[in-house]
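Chains as they are written, first to last, in this note's numbering: chain A, 1 to 414; chain B, 1001 to 1414.
All C-beta atoms, glycine included, are put in the ideal place defined by N, C-alpha and C.
All figures in this text were calculated on a predicted structure; none of them were measured in a lab.
So the structure is just underneath, and the comments pick up after that.
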DNA sequence: TCATTTCGTACATGCTCTGGACTAATTAAA
DNA sequence: TTTAATTAGTCCAGAGCATGTACGAAATGA
C-alpha cells in the first residue's frame, strides 16, 4: 500500500550506478575495470566513466598494473581510497562517552572512550562533552589527511529520528531532548547531515562490520548494558520496525507473574537479566559512577565471583541466561535470524550464562530451527555502538557516493 | 553488507517510472496528467509518454474530460483499467481449497471456496483439485473479458520460495513437495511465473487490502486455523525474515513448564491457543472432515457454547486469549507494529477472547507503547489468504507494469 | 618479430527525461 | 460577442547516460 517508489531520472540512475560500482570495488578490493564490467553487467565504457568519477571524488584509487589472467595486457587495479574520506561515530551511554573515526576502507583511524557518569546529568552538559570528543576526533582525522564527511550518534533510548529528538532515555533520565540541534550547534558543518540512532541498532551494525565477520547476514545482537536491548539485522540491514522501536528485547515478558517493571509491564526480561537485577541477585551493590566497563566496576566484581565459583553469583547468571534464552526464542520465532550474538555485559558473562541461554533457546525453538541457529559471543568492546555509528556513515556514503560528489552528478534535484 | 544494489539502465528507469505513475494513478483514481506531473515531479511531457505506454498495455484508461479547477481547459482523467488484467489467488488449507480473481482495479471478480479434507491426502491429488479450481477461475475471468496475468498459491507451511518447494506443512502431512512444478504442470502458462507464499503472510496481505482499510500500515495479523501463525506487515510490506519463516507466533513459548510441542519445543502458544487445544479444553471433540469453518464444524459448536455461557468453554477461550496476548506482546516489543489484527478462528472467538488478549497485551507492553496500539478483529472470511495471494499478483504488476508490456520497455535485459 | 589476448578509451548511437514553445479548451472580463 | 487569462496536453529540440563497435596499449608465446 505505502509503496514509496520514487521517480528515477538520469541523475538518480547515475548515482545508483556509482554506488553499484563502488560497492563492487569494496567487495573485491583490488579489481580491474574489466572485471567490474563483468560482474556488474555494465559495458567497459560505462565502468570506466563511473570509476573516473569516483576517482575524481577521491573515493577510489588506482593501484597500478596487476597481472590478473595469464595472457594479455595487465589490468590497473582500483580499490577504495581509505585515505581521504571518513565517518565519525559517537556514542552516549550511561557511564561513558565514545567516539571513533572510520575511513572508507573500513579501517578504524581513531578510537576514544571516556568514562563519565551521565545518569541524570543535564543533556546540554553531556552533549557538550560529546562535541569536545567529536572535535578531537575530527582533528585526529585531519592529522591523518582524512576529511570527516558525516557523523552519527548512538543514544540509549527511543528516538524520533526524523525530528532529531530523543523521546525517552530512561537510564539517562532524558525526556524529549533535541539532541540533534544541540549536537549541530557544537559540531562544524559536515558534508552529510548528522544523524542519530538507537544504541542497540548501532551495536548490531558494529558487530556486522567488526565482529564475527561478513559471514553474518541475519542475526539478533543482544546489547545488554544497564538495560537490555537487541539490534535486529536481517540480510545485512538493520530492521527498525514501524516506528524505529523494534528489538526491545528487555521488555519481552518472561514471567507473567513476575515483578512490575518501570515500563508499566510485568515480568520483563530486564527485571531478571538486566545488569542491576543480576548484581542484586548476586549480592553485589550496583554503584554507578565507577565505570561499569572498567576494571573496578561492579561487573568486574561479578566476574571475579563467578571465577571463584560463588554459588549465588552463578545462580543469578544462570537465571539471567535462562530468561534471556526464553526471550530470544521468541525473537527467533518471530524474526527468523541465522545467529544470536551476545554482546554488552553478556559477552563478559557468556562463559557462565551461555549454557542456560542455549538450553532455553533450544526449548523455545523447533528442532529444525534450532539446529540451524548459531549462538556466538561478541568480541567487540564497550564502544560497539560507536563503531556501528561510524559504520553507518561509511555505509551511507557507499550506498550513495554521489552525496559527496560535485553537482553534475545530480543535476535536477531530488 | 549484503546490499543488492542493482545496476540501473535506461530500461530499468523507464520501468520504474511506469510503476511510479501507475501507482499514483491508482492512489488518486480519476486524475489528470497535469496533476500526475505535479505529484511525481515529472514534466508533463514525461507523464504523457508514460501514461500513453500504460494505456497501450491496457493497464490504464482515459475517462473523458473532467473539470478539475475552475478556469482553464478541462482535464482528461485517467484511471486504472480494471477490465483487462487480473491476478489469480489460490489457497490450500487443511479443510478447504479457495480461489479468487482480483482485477487491477482491486475489485474481486470471482471467489470460490470448496470444503475438502486435505489432511494426509496426496499432494498430487490436492494440487490437482486446486488446478481444477484455478481453471474454473480463469474461465470465469475470461467470461468477464479479463486476462489472468499471474497466480500465487497460499500454503500452510514453511516454504522454499525460490525453489518452489514446500519444506514441511505439518497439518497437511507434506514434506518436501515440489508444489510449484505440480501447479505449473496443470496451469496454462501465464504472463508472470506462478509463485507461492506462506498462508499467514498472505492472509496478512489480504487484511491490508480488504480488511480494515488502507489506514493500516504496520501490523501483526494473527491467522489461527489449525496452527497459529502470524503475518508481519511493516510499512505496508510483508516482513519475511531471513529465510521466510518469520512470524511463527504459534511456537513462541508462553509457559516454559508447559507440555512439549510437536516442534520440539515446550509450552508453545499453539499448545494453549491452537484450535485443537481450545476445543479439547472446552470439551469438544475435534473432528476434522466436517469443515472447521462451516456451520456444522466444531468451531461453530464452540461458539454456540460460548453464547450459552458455558463455563469450561469460556475458560478455555480466556486462557487462549491470555496466552495469545502474552505472545503478541513479545511480537510488539520485537517488531513494533501499530495494530494487532485477530484473524482466522480468533475473529470468531474475539468477543470472548479479546478482553484477555487485551489485558495480557497491556501487561507485556510498556504504557506508552500500549496506548498507541490498536487491537482489531478481521472482517475477512476464511479465504483471506486467497485474497492476499491475488493481491500479491496485482501488487507485483503495479510495482512493475513493464512486466506486462512489450519488449521496447526493457531493451537490454534485466 | 608477429600473432594472440586482454585492458582500457574514443566516438557515434539510442533511450529517456527536460524544457520551452505551441495548440486546445474552457472561464472571466470587456 | 470578442478578448484576455488560465489550465491541459503535445511537439520538438536538447541534454544526460548507458551501449556498442572500433581502436590503441601492453602483456605472453611462438
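- Between the C-alpha atoms of residue 1008 of chain B and residue 1403 of chain B there is a straight-line separation of about 16 Å.
- In the DSSP assignment, residue 1340 of chain B is bridged to B/1220 and B/1375.
- Per DSSP, residue 201 of chain A is one residue of the alpha helix (DSSP H) stretching across 199 to 210.
- For the 8 Å CB-CB criterion, residue 78 of chain A and residue 66 of chain A do not form a contact.
- Put simply, the backbone Cα of residue 137 of chain A is about 7 Å away from that of residue 101 of chain A.
- Under the three-state reduction of DSSP output, residue 1070 of chain B falls in the coil class, being neither helix nor strand.
- Rounded to whole angstroms, the gap between the alpha carbons of residue 1220 of chain B and residue 1310 of chain B is 30 Å.
- Counting other Cβ atoms within 10 Å of its Cβ, residue 125 of chain A stays below 16 and is therefore classed as exposed.
- Relative to residue 55 of chain A, the option among A/372, A/120, A/85 and A/41 whose CA is nearest is A/85.
- Going by DSSP, residue 1040 of chain B is part of the alpha helix (DSSP H) stretching over 1033 to 1040.
- Contact annotation for residue 40 of chain A against chain B: 1007 [CB-CB distance below 8 Å, chain order].
- The alpha-carbon separation between residue 1194 of chain B and residue 1164 of chain B amounts to approximately 9 Å.
- Residue 1026 of chain B sits close to residue 1398 of chain B, with the two beta carbons spaced by under 8 Å.
- For the region 1342 to 1366 of chain B, the set of positions with a beta-carbon nearer than 9 Å to some beta-carbon of chain A reads 1360, 1362, 1363, 1364, 1365 and 1366 in chain order.
- Ranked by Cα distance from residue 131 of chain A, the first of A/114, A/146, A/222 and A/378 is A/114.
- Our two residues, residue 31 of chain A and residue 1372 of chain B, have alpha carbons roughly 51 Å apart in a direct line.
- Membership of residue 1103 of chain B in the beta strand (DSSP E) is indicated by the continuous run 1096 to 1103.
- For residue 333 of chain A, at least one C-beta of chain B is nearer than 8 Å to its own C-beta.
- Within chain A, no residue has its CB atom less than 8 Å from the CB of residue 1100 of chain B, the nearest being about 19 Å off.
- In the structure shown, residue 1260 of chain B adopts extended strand secondary structure according to DSSP, grouped into three states.
- Below the 8 Å Cβ cutoff, chain A contributes no neighbours of residue 1405 of chain B, its closest Cβ being approximately 16 Å away.
- In summary, residue 175 of chain A is exposed, with fewer than 16 beta-carbon neighbours lying within 10 Å of its beta-carbon over all protein chains present.
- For the pair residue 20 of chain A and residue 1005 of chain B, the Cα-to-Cα distance works out to about 6 Å.
- Residue-level contact check: residue 1337 of chain B touches chain A, since one or more beta carbons of chain A fall below 8 Å from its beta carbon.
- Look at residue 284 of chain A here: in three-state DSSP terms it is coil, with no helix or strand label.
- Per DSSP, residue 1150 of chain B lies in no alpha helix (DSSP H) segment; the continuous beta strand (DSSP E) that holds it begins and ends at 1147 to 1155.
- Per the DSSP secondary-structure output, residue 239 of chain A pairs in a beta bridge with A/232.
- In the structure shown, residue 168 of chain A adopts extended strand secondary structure according to DSSP, grouped into three states.
- Boundaries of the beta strand (DSSP E) around residue 115 of chain A: 108 to 115.
- In the three-state DSSP reduction, residue 1196 of chain B falls in the strand class (E or B).
- Taking all protein chains shown into account, residue 1251 of chain B has 16 or more neighbouring C-beta atoms within 10 Å of its C-beta and is therefore buried.
- Each residue's CA atom was taken as its position, placing residue 308 of chain A and residue 276 of chain A some 21 Å apart.
- Residue 1257 of chain B and residue 1264 of chain B have their C-alpha atoms spaced approximately 14 Å apart.
- Remark: C-beta atoms of residue 224 of chain A and residue 345 of chain A approach each other more closely than 8 Å.
- The shortest C-alpha to C-alpha distance from residue 369 of chain A to any of B/1092, B/1011, B/1366 and B/1158 is the one to B/1158.
- Nearest neighbour of residue 322 of chain A by Cα position, chosen from A/335, A/299 and A/349, turns out to be A/349.
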